[in-house]
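Numbering (the numbering used here), first residue to last: 4 to 167.
Here it is as structure tokens:
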């Protein structure tokens, strides 16, 4: 947290925004995105402190989520989820923003990682949006139902890639 003092806002606490770059998209992902008219060639994967805070606040309560609780160590799985996903949904729309969903099944747990597609003059990245897990392996139809539940994500125009 940064404390800002000036004539307009005395003693206002401002959250400092930090980004962590994970890396460039893999060539297969760039090519897959091109099949639906999206250019990922100049973008990078990244997460922010706001992403981590959201995930811990929303999916990190052991009393509420039990074995599906997101822990700090789960963030270390993101590079592997991006590198070797089992299922990828490209070009979905979540909260009116274009996004991708990466699904990785590992040790009996299904991880779902959402990132928004930002391609403007100011932001050229695939930025982490949310991460959660299900404590069992999900089949493709179960993954799709999970992604669209609560009408948060529209996959009607998205392309689904199964990589296993």
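Even for Gly, the Cβ is constructed at its ideal location relative to N, Cα and C. None of the values given here were measured: they were computed from a predicted structure.
### Message
Please report the straight-line C-alpha distance between residue 122 and residue 48, rounded to a whole angstrom.
### Response
The C-alpha of residue 122 lies about 12 Å from the C-alpha of residue 48.
### Query
Taking the alpha-carbon positions, what's the residue 93 to residue 80 distance?
Distance between the alpha carbons of residue 93 and residue 80 is about 20 Å.
### Query
From residue 67 to residue 61, what does the alpha carbon distance come to, in whole angstroms?
Here the alpha carbons of residue 61 and residue 67 stand approximately 10 Å from one another.
### Query
What did DSSP end up calling residue 124 once you bin it into helix, strand or coil?
Note: residue 124 maps to coil in three-state DSSP.
### Contact set for residue 37: own chain, Cβ-Cβ below 6 Å, skip 5 residues either direction
Closer than 6 Å at Cβ, skipping near neighbours: no residue.
### Burial state of residue 24 (16 or more Cβ within 10 Å)
The residue in question, residue 24, is exposed, as its Cβ has fewer than 16 Cβ neighbours within 10 Å.
### Query
For residue 109, which option in 137, 56, 120, 65 has the closest C-alpha, if you only look at C-alpha atoms?
When only C-alpha atoms are compared, the closest one is 137.
### Task
Figure out for me which residue from 111, 95, 97, 88 has the closest Cα to the Cα of residue 105.
That would be 88, whose Cα lies nearest to the Cα of residue 105.
### Query
Exposed or buried, residue 100, counting other C-beta atoms within 10 Å across all chains shown (16 or more means buried)?
The residue is exposed, with fewer than 16 neighbouring Cβ atoms inside 10 Å.
### Task
State the Cα-Cα distance for the pair residue 53 and residue 45, rounded to the nearest angstrom.
Spanning the two alpha carbons is a distance of roughly 23 Å.
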